[in-house]
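Asks: Residue numbers for the sequence shown follow my numbering, so the first one is 311 and each next one is one higher.
Don't be surprised by glycine CBs; every beta carbon is placed ideally from N, CA and C.
No experiment lies behind these values; they were computed from the predicted model shown.
Structure in structure tokens, see below.
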Amino acid sequence: SIEGSVKSILGVVKNNYKSPHLYLIHSNSKLETQWFEEFKKQLSAQKDIEYTLFSWAASNRLLQMLKNDNSNVVVSIYDEAPGKNKAYTINLLNKLFSLKKTTPTLITTQNYIKVYNDIDYNQLQRLEYHTINNTLLDYTNPNHKDFIDGFKERFKTEPVGDYALIGNDLIIHFVLGLQKRGSEFWKNPNIPQNPKIMYPMLFKRPAETDGFENQATYIYKMDNYKLKP
Numbered sequence: 311s312i313e314g315s316v317k318s319i320l321g322v323v324k325n326n327y328k329s330p331h332l333y334l335i336h337s338n339s340k341l342e343t344q345w346f347e348e349f350k351k352q353l354s355a356q357k358d359i360e361y362t363l364f365s366w367a368a369s370n371r372l373l374q375m376l377k378n379d380n381s382n383v384v385v386s387i388y389d390e391a392p393g394k395n396k397a398y399t400i401n402l403l404n405k406l407f408s409l410k411k412t413t414p415t416l417i418t419t420q421n422y423i424k425v426y427n428d429i430d431y432n433q434l435q436r437l438e439y440h441t442i443n444n445t446l447l448d449y450t451n452p453n454h455k456d457f458i459d460g461f462k463e464r465f466k467t468e469p470v471g472d473y474a475l476i477g478n479d480l481i482i483h484f485v486l487g488l489q490k491r492g493s494e495f496w497k498n499p500n501i502p503q504n505p506k507i508m509y510p511m512l513f514k515r516p517a518e519t520d521g522f523e524n525q526a527t528y529i530y531k532m533d534n535y536k537l538k539p
């Protein structure tokens, strides 16, 4: 969920940076409304992270606002039409990469590597790029490789996109839960992590009147030109 994702992002900022200052970039689009409101809600309820909210239209001020230390974290939730997104992405990366003394950390809610085939890995590496990704198949992970090999043997093709991985995890999680606990499973649909599930699931109710939602979030960091959890 967006609530769980924002909580995870702020947790990374709080736990990995000393006296961090977060700069949240948005574009006032309808697509961003939930993300923007959730960031404002959670940021205003805490005291560990200083923050500045500004629209992309005012982003030329970003380089002037960054502090002269390693506390800068730029979070982008910018989400416009696909054509605009790419121009914005290149512009943002070029601006941040141009800094010599104080290179900020960049965190995005969209995975730039997945969205843009020609993204500059040198820029992402230097910006210690972070992104959310709960559906990234890691070909070096034995568990993921078993799934990929089984899928290819069965369907004679690569598991492209997210649905094969999500479907695999959901079916295993819920079938095992029902097998072990029957109808009691619905009162708390969590089970110990199974090795055949590639991404963790942690179901919680935001409120008593709400349904359960998966709030487990994987955040990846660019490390040696590869995204690693």
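Please classify N382 as buried or exposed, where buried requires at least 16 neighbouring CB atoms within 10 angstroms.
Replies: N382 is buried by the Cβ-count criterion.
Asks: Would you check if the distance between the CB atom of Y398 and the CB atom of W366 is smaller than 8 Å?
Replies: It is a contact, given that the beta carbons lie within the stated cut-off.
Asks: What separation, rounded to the nearest whole angstrom, lies between the Cα atoms of L402 and K396?
Replies: One C-alpha to the other measures close to 10 Å.
Asks: Rounded to a whole number of angstroms, what is the C-alpha to C-alpha distance between V485 and I417?
Replies: 35 Å
Asks: What's the call for W496, buried or exposed, on a 16-neighbour Cβ count within 10 Å?
Replies: exposed
Asks: CA-CA distance, L446 and I359?
Replies: 29 Å
Asks: If I follow the unbroken alpha helix (DSSP H) through S318, where does it start and stop?
Replies: I312 to N326
Asks: Whole angstroms is fine: what's the gap from L373's alpha carbon to Q433's?
Replies: 16 Å
Asks: In the DSSP assignment, what are the bridge partners of V384?
Replies: BP columns for V384 point to Y333 and L416.
Asks: Return the first residue and the last residue of the beta strand (DSSP E) that L480 is part of.
Replies: Looking at the DSSP string, L480 is not in any beta strand (DSSP E); the run it does join, the alpha helix (DSSP H), is Y473 to R491.
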